[in-house]
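**Student:**
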Amino acid sequence: TYPKRTGKPYRAVIYLYLEGGCDSFNMLAPHTCSNGLYESYLDVRQNVALSKNQLLPIPASDQVCSEFGIHHDLPAVKALYDDKDLTFFANTGVLSRPVNKENYFTETNVQLFSHNHMHREAMTIDPYEINIGTGVLGRMKDILSEEGHNVGSFSVNGLTVALVGKPGVSDSPVVVGREGVQEVYLDATRSELANLHNKTRPESGVFAETWSSLLMESIGTNDLLGRQLDGLTTFVEFPESNLGSSLETISKIIATRNDRGVDVDTFYISHPGFDTHQNVETYLRGRFIELNGAISAFSEEMKMMHIWNNVTVIQSSDFGRTLNPNGNDGTDHAWGGNYMMMGGSVKGGKILGQYPDDLTDDGPLSLDRGRMIPT
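Counted the way the numbering used here counts, the sequence shown spans residues 6 to 380.
1) With a cut-off of 8 Å on the beta carbons, I'd call G21 and I356 a contact; round off their distance for me.
2) In or out: M309 buried (at least 16 other Cβ within 10 Å) or exposed?
3) Which residues bound the alpha helix (DSSP H) around P80?
4) What residue from C38, E24 and G170 has the CA that sits closest to Y389's CA?
5) According to DSSP, simplified to helix, strand and coil, what is G200?
6) Do L296 and L248 come within 8 Å of each other at the CB atom, strictly closer than that value?
7) Alpha carbon to alpha carbon, how far is V82 from V318? Give it in angstroms, no decimals.
8) Classify R102: buried if its beta carbon has 16 or more other beta carbons within 10 angstroms, exposed otherwise.
9) By the 10 Å Cβ neighbour count, where 16 or more other Cβ atoms means buried, how is R50 classified, buried or exposed?
10) Anyone know if the C-beta pair for K281 and D28 falls short of 8 Å?
11) Since T11 contacts N155 with CB under 8 Å, what's their CB separation in whole angstroms?
12) Roughly how many angstroms lie between the CA atoms of F293 and S256, to the nearest whole one?
13) Is it true that the region 50 to 62 meets the region 87 to 103, where meeting means three or more beta-carbon pairs spaced less than 8 Å apart?
14) With DSSP run on the structure shown, which of helix, strand or coil describes A54?
15) Just the Cα atoms here: how many angstroms apart are A54 and Y43?
16) I'd like the span of the beta strand (DSSP E) that includes M345, first residue to last.
17) Do three or more CB pairs link the region 142 to 157 to the region 191 to 207 at distances below 8 Å?
18) Which residues in the same chain have their Cβ closer than 6 Å to the Cβ of M123, if we skip the five residues on either side of it in sequence?
19) Which residue's Cα is closest to the Cα of H338: E112, F118 and G74?
20) So A167 and G140 are in contact, right, with Cβ under 8 Å, and what is the actual spacing, rounded?
21) Measure the Cβ-Cβ separation of D5 and N40 and say whether it is below 8 Å.
22) List the endpoints of the continuous alpha helix (DSSP H) containing H76.
23) Rounded to whole angstroms, how far is the Cβ of P330 from the Cβ of N31, which I believe are closer than 8 Å?
24) What whole-angstrom Cβ distance do S246 and G298 have, given they're in contact under 8 Å?
25) Rank R144, N105 and T6 by C-alpha distance to the C-alpha of M377 and give the top, closest one.
26) So is W313 buried or exposed if we call it buried at 16+ other beta carbons inside 10 Å?
27) Does the beta-carbon distance from T365 to S45 come in below 8 Å?
28) Assuming G26 and G278 make a contact with CB atoms under 8 Å, what is their CB distance in whole Å?
29) Judging by CA-CA distance, which residue of L220, P172, G185 and H36 is the nearest neighbour of G236?
30) With distances taken Cα to Cα, identify the nearest neighbour of Q283 among T327, F240 and T336.
31) Is the beta carbon of F93 sitting closer than 8 Å to the one on P35?
32) In terms of alpha-carbon separation, which member of Y7, K13, I19 and T6 lies closest to D270?
33) What are the partner residues of G182, as DSSP defines its beta bridges?
34) In three-state DSSP terms, what is M32?
35) For Y133, count neighbouring Cβ atoms within 10 angstroms of its own Cβ and tell me buried if that reaches 16, exposed if not.
36) Check whether the Cβ atoms of N263 and P14 sit closer than 8 Å, and answer yes or no.
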C-alpha cells in the first residue's frame with residue numbers, strides 16, 4: 006500500500022545524464038563576442054567547429070559574449086531558453102576547491118578525466134567522501150523524508166548510486182524499464198512466496214528476515230505500480246526512441262502521484278552515446294536529435310498536465326571534452342563543460358557561471374588541448 010497524502014504541493018526532480026562525456030562546447034558555443042572569442046573558437050576547434058549558420062543564437066548578459074549559439078539540432082532547448090524556462094551552467098565540473106593551472110593536480114581530490122571516477126563524482130557530489138555510498142538525489146530524498154514529505158524515487162533502466170540514501174532513512178528506489186514496469190515472471194512459485202518468506206520462528210536470522218521482507222515488498226510495489234501504469238496514455242505523442250520512451254514512462258509515473266500519495270518524486274535517467282573519440286559531429290547530431298525530440302515532448306506533456314511549474318530537469322555528464330580535436334575528427338576526455346536546467350519555475354533565459362574568455366592553451370583556464378578548468 007501507499008502512504009496517505011500529505012497535502013503538500015507536488016514537486017519532481019529529474020536528473021538527466023548524458024553518458025560518456027558530452028562535447029558541450031558544441032552544445033553551447035560562442036557566437037557574437039567583442040573580444041573575438043568566436044574566431045578563437047574556430048581556430049582551436051578546427052575541423053569540429055560549428056559555423057554560425059549551424060548555431061541557434063541566444064542572448065546573454067554578464068558573459069564574454071552578448072550572444073551564444075545552441076547546436077542547430079536543439080531547437081527545443083532554444084525555445085525553452087527563449088521562454089525563460091531553461092538556464093545554462095557554463096564551464097561546470099567537479100571541484101574540491103578553486104584551482105588554477107599550477108595547483109589543480111595536487112589540490113583536486115578526485116581522479117580527473119576517467120569515466121568511472123568522474124561518473125561516480127557526478128552521481129554522488131561528495132568529493133571528500135563525507136557520505137560514502139550515497140548519491141546526491143538519495144541524500145535529498147533522506148532530508149525531505151525526515152521533514153515529513155512522502156518521496157518517490159525511480160531509476161529508468163538500471164540502478165544508480167545517485168538515488169541511494171543512508172540505510173533506513175527513506176524508501177529504496179524503484180527501478181523501471183524504458184517501457185514501464187518490468188513484469189516479474191514467477192509462474193507457479195508466486196502462490197507460495199508468501200509462505201516461503203513469512204516470519205518463521207523467534208530465532209530466525211535477522212538478515213534472512215530482512216531479505217525476505219524486502220523481496221516481498223519489492224514484488225508488491227512492482228505489481229501495484231504496474232497495475233496503475235497499465236493502460237495510461239499521454240496527451241503528447243513521444244518519439245519512438247530510447248530517451249523518448251523513458252521520458253514517456255516518467256510522465257506516466259508522475260500522473261500517478263496522487264494515487265501513490267507522494268508530494269516529491271526523484272528520477273534518474275541516462276542517455277548514452279556521448280563518448281565521441283571519433284566523428285564527433287556525426288555522433289553528436291544523432292544524440293542531440295533524440296534529446297531534442299524527447300525534451301520537446303516531455304515539456305509539452307508536463308504543460309498539458311498543468312504541472313510544468315512543479316517539475317525540474319537537471320542535465321549533467323561525465324565531463325566536458327577537449328576543445329582541440331584528435332586525428333579521428335573526435336574529441337577526448339576533459340573537465341569543465343556546459344550543462345542545463347529546465348522547468349516552469351526555473352529562472353531561465355540566463356547563462357550562469359562564467360564562460361571562458363580565452364579558449365587557447367595560453368588562457369588561464371585551459372590545460373593541454375583545451376581541457377577547461379571549471380569556473
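Just so it is clear, CB atoms sit at the ideal spot from N, CA and C, and this is done for glycine as well.
**Tutor:** In terms of the structure at hand:
1) A small correction: the amino acid at residue 21 is Leu; Gly does not occupy that position in the sequence shown. No, L21 and I356 are not in contact; Cβ-Cβ is about 19 Å, not under 8 Å.
2) Exposed is the call here.
3) DSSP places P80 inside the alpha helix (DSSP H), whose first and last residues are P80 to D87.
4) The structure shown has nothing for residue 389, since the chain only spans 6 to 380.
5) According to the sequence as given, residue 200 is Asn; it is not Gly. N200: helix per DSSP, three-state reduction.
6) Yes, these two residues count as a Cβ contact at 8 Å.
7) One Cα belongs to V318, the other to V82, and the distance between them is close to 12 Å.
8) R102 comes out exposed.
9) By the Cβ neighbour-count rule, R50 is buried, with 16 or more other Cβ atoms within 10 Å of its own.
10) It should be noted that the sequence gives Thr, not Lys, for residue 281. For T281 and D28, yes; Cβs fall inside 8 Å.
11) Confirmed, Cβ separation roughly 6 Å.
12) Straight-line Cα distance between these residues: approximately 21 Å.
13) The region 50 to 62 is not in contact with the region 87 to 103.
14) Of the three classes helix, strand and coil, the one that applies to A54 here is coil, per DSSP.
15) Roughly 10 Å between the two C-alpha positions.
16) M345 -> beta strand (DSSP E) spans G342 to G348.
17) Inter-segment contact for the region 142 to 157 and the region 191 to 207 is absent: fewer than three beta-carbon pairs are separated by less than 8 Å.
18) Excluding positions up to five away in sequence, the list reads D323 and F324.
19) Scanning E112, F118 and G74 for the CA closest to the CA of H338 turns up F118.
20) Contact holds; Cβ gap of about 4 Å.
21) An answer regarding residue 5 cannot be provided, because it is not within the stretch 6 to 380 covered by the chain.
22) From DSSP, H76 is part of no alpha helix (DSSP H) but of the beta strand (DSSP E) over C70 to H76.
23) The Cβ separation is near 11 Å, so there is no contact.
24) Sure, about 7 Å apart at Cβ, within 8 Å.
25) Nearest of R144, N105 and T6 to M377, Cα basis: N105.
26) Under a 10 Å Cβ-count criterion, W313 is classified as buried, with 16 or more other Cβ atoms of the shown protein chains found around its own Cβ.
27) Contact flag set, yes.
28) So it is not a contact: roughly 11 Å between Cβ atoms.
29) When each option's Cα is compared against that of G236, the closest is G185.
30) Shortest Cα-Cα distance from Q283 to any of T327, F240 and T336 involves T336.
31) If you check the CB distance, F93 and P35 do not come in under 8 Å.
32) If we check each option's Cα against that of D270, I19 comes out closest.
33) Within the DSSP bridge table, the entry for G182 names G185 as partners.
34) Note: M32 maps to coil in three-state DSSP.
35) Taking all protein chains shown into account, Y133 has fewer than 16 neighbouring C-beta atoms within 10 Å of its C-beta and is therefore exposed.
36) Not closer than 8 Å, so no.
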